[in-house]
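Accompanying notes for the structure given below.
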Amino acid sequence: MKIVIRNIAQFAILLVILIGLSYLSFQLSTVTNSLLLYLPLVLGIVFIHWFGLKVVPVLLINGITTLMIYGVTKFPPFMIMISTHEAVVAVTSWLLYQKLFPQKHSERLGNTESFLRFLFLGIVIPVCVNSIYVYHYGFVKGDMDKVGLYWLSDFITILPLSIALLYFIDFKTATQSFQFKPLQISRRAFIELLGISGVFIALSILFPFDKYWFIYGIGATLFALRWGFSVAIVLNVIIFMLSYLLPLFDFASSLLITQGSTQFISVHLGMSTMMFVSLLVGRVVTDLSTAEQNLKTEKARVEKINDNLQQANQELDHFVYSVSHDLSAPLKSIKGLVTVSRMDPTNGSLYLEKIEKSVERLENFIDEVLEYSRTSRKNLVYESIQIKELVDQINAKFEFLENYANIHFSYDLQVPVITSDRFLLRVALGNLLSNAIKYQKKFSDQEPQIILKSYQDASSLILEVIDNGEGIRDEFKTKLFNMFYRGTASSTGSGLGLYIAKEAVQKLGGTISVESVYGEGSTFRIKLPAGQL
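In the working numbering, the protein residues as written are 59 to 591.
Here it is as structure tokens:
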């Protein structure tokens with residue numbers, strides 16, 4: 059019921075607007091030397107592109123009403139046929155432009171192709187259809203010169219006004235509301251637009267339009283070339299108002315030299331061409347500007363991809379070199395120990411123990427490489443994670459590390475549960491905890507401690523791994539998260555651990571950093587988006 063009432067109200071409003079414009083057009087037609095500027099044709103085309111075929115009854119009713127305004131009292135079949143011209147013109151525009159080439163609302167007039175399509179299918183051909191009606195008007199009497207003059211008048215009226223309304227205003231059928239597109243121009247362009255408008259007003263006052271009409275065209279085209287489609291639309295509307303509409307009113311006709319619209323076909327032909335050219339130039343300039351901006355954006359994207367690719371290639375080269383070195387070193391050590399053990403069989407158990415350590419070292423390195431591979435290819439799977447439970451699972455792997463039994467673990471978990479990817483978080487925390495265990499100070503009076511903290515600030519969830527171990531020298535901190543970088547002289551790892559931790563955290567959308575005082579300990583801090591709670 060509400061929809062029906064809304065449609066009836068909409069129907070009534072549109073009809074009132076059209077009847078008002080019909081009456082205004084009748085009054086304008088009585089002005090000396092003026093052409094018949096039939097304004098409902100403009101809104102008929104605009105309304106049908108906004109609301110669709112449901113406005114056709116409104117247009118038919120207004121056609122009958124218009125004839126009555128012009129003094130028609132009898133409606134034989136011929137007059138009924140004449141009254142349909144608004145509806146037929148609008149439907150022709152709608153069928154040719156929207157049904158022949160369906161497109162989204164946002165794409166209307168949004169590029170040169172769409173503009174030209176609307177110009178010829180949505181305006182030129184419908185105006186030609188209207189000329190068939192004009193030819194049969196009683197006061198025209200088949201005079202082709204008058205038919206051509208009225209065709210140009212309709213074209214000059216419809217072109218700037220319909221494009222302005224359809225480009226800057228759109229009706230959303232889903233929400234039954236209008237959406238307005240702001241005139242997005244710079245302050246400088248706005249000032250220049252005001253200036254050229256003042257110049258046009260001065261021209262209307264000082265010079266007869268029928269002799270100097272081309273000046274308007276030059277100004278509009280230059281501004282279209284400078285500022286694009288939006289400014290070209292505004293300028294064409296201003297030119298129409300000054301040159302074709304304003305002179306028809308008594309208060310303006312006493313001031314302006316131009317007395318109404320000229321009756322010369324050549325002038326109308328020149329003005330229609332000027333409007334078309336300025337709008338086309340503006341549309342092309344805007345398209346080129348958009349294409350240039352898109353190219354810049356694409357170039358920046360490609361450059362970023364290229365930089366990432368170069369970095370990946372460098373890391374790959376470094377990775378291949380380091381992997382080959384770190385794989386071959388334990389193998390060479392094992393091979394050497396095997397040779398020595400053959401020469402000294404009495405110490406075979408000692409050599410076997412060293413071989414075992416080399417094998418463990420090789421095995422740990424292979425595990426880190428596989429972990430890096432899994433981290434880089436991992437798809438995120440979010441789940442609820444108990445932080446203490448996860449850390450206990452990680453520490454279970456480190457129970458046999460040297461000095462593990464002497465370390466005191468403590469927790470300060472203000473945020474005990476988070477939502478994140480378990481694998482990536484385990485990789486990140488596992489590498490941090492592994493380093494904190496390995497690089498404790500080897501003093502008899504040292505009480506090794508590792509503290510795990512979690513808390514939240516305004517925008518992030520923060521996890522901290524704090525230890526009182528060896529710490530890191532300042533000169534090593536900037537390179538600490540690089541691939542295969544070893545931050546201390548006592549490092550026995552591959553240098554992949556912290557790099558893998560950084561990759562895992564970044565994949566979670568976070569960052570990792572370190573604060574350390576050499577000889578006192580380190581704090582590794584992971585910041586994750588606050589949404590991961």
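Think of the CB as a built atom: it goes at the ideal place given N, C-alpha and C, for glycine as much as any other residue. Note that the structure is predicted; figures quoted are calculated from it, not measured.
For D525, the enclosing beta strand (DSSP E) covers residues 518-525. Take the alpha-carbon of R246 and the one of V187: they are about 42 Å apart. Remark: C-beta atoms of V185 and F213 approach each other more closely than 9 Å. Burial check for V74: the Cβ neighbour count within 10 Å stays below 16, so the residue is exposed.
Judged by DSSP in its simplified three-state form, P240 adopts coil rather than helix or strand.
Counting along the chain, no beta strand (DSSP E) covers I216; the unbroken alpha helix (DSSP H) around it starts and ends at 202-226.
If one requires a minimum length of 4 residues, the alpha helix (DSSP H) runs lying completely within the stretch 118-193 are 135-140, 143-152, 170-175, 183-193, in chain order.
Contact between L490 and A562 is absent: CB atoms are separated by about 10 Å, not below the 8 Å threshold. Residue pairing by DSSP places P506 opposite no residue, since no beta bridge is assigned to it. In this structure, L459 sits away from S407, with a CB-CB distance that is not shorter than 9 Å. Separation of the CB atoms of V149 and V114 is rounded to 6 Å, and the pair is thereby assigned contact status at 8 Å.
Per DSSP, the continuous beta strand (DSSP E) segment holding S580 begins and ends at 579-587.
Sixteen is the threshold: since fewer than 16 other Cβ atoms of the shown chains lie within 10 Å of the Cβ of G78, the residue is exposed.
A contact between stretches requires three or more CB pairs, one per stretch, nearer than 8 Å, and the stretch 237-245 fails this requirement with the stretch 204-213. Taking G555 as the centre and dropping the five residues before and after it, the same chain places the C-beta of E426, N489, S492, N493 closer than 7 Å to its C-beta, in chain order. Out of M139, V104, V342, the CA that lies nearest to the CA of L118 is found in M139. When DSSP states are grouped into helix, strand and coil, L471 belongs to the strand group. Under DSSP, E573 forms a beta bridge with T581.
In the three-state reduction of the DSSP assignment, K112 falls in the helix class, which pools H, G and I. Secondary structure at K415: helix, using DSSP grouped into helix, strand and coil.
Within 10 angstroms of the beta-carbon of P403 lie fewer than 16 other beta-carbons, which makes it exposed. For Y440, there is no enclosing alpha helix (DSSP H); the residue is part of the beta strand (DSSP E) that begins and ends at 440-444.
Y469 has its alpha-carbon roughly 8 Å from the corresponding atom of K446.
Inclusion of I221 and F258 in the CB contact set at 9 Å is not warranted, their separation being larger than that value. Comparing C-alpha distances from Q472 to each of I254, N453, Q514 shows the shortest one belongs to Q514. Judged by DSSP in its simplified three-state form, T344 adopts helix. The continuous alpha helix (DSSP H) containing V289 extends over residues 287-298. Taking a C-beta distance under 9 Å as the contact criterion, G121 and S151 do not qualify as a contact pair. For S301, there is no enclosing alpha helix (DSSP H), as DSSP gives it neither H nor E. E528 and Y497 do touch by the CB rule: their CB atoms are close to 5 Å apart, below 8 Å. For the pair L337 and L261, the CB atoms are not nearer than the 9 Å cut-off. Rounded to whole angstroms, the gap between the alpha carbons of S80 and N352 is 45 Å.
Distance between L482 and Y462, taken at the CA atoms: about 24 Å. In the displayed model, T477 falls within a strand according to three-state DSSP. For F229, the beta-bridge partners assigned by DSSP are F236. Take the alpha-carbon of S83 and the one of F287: they are about 29 Å apart.
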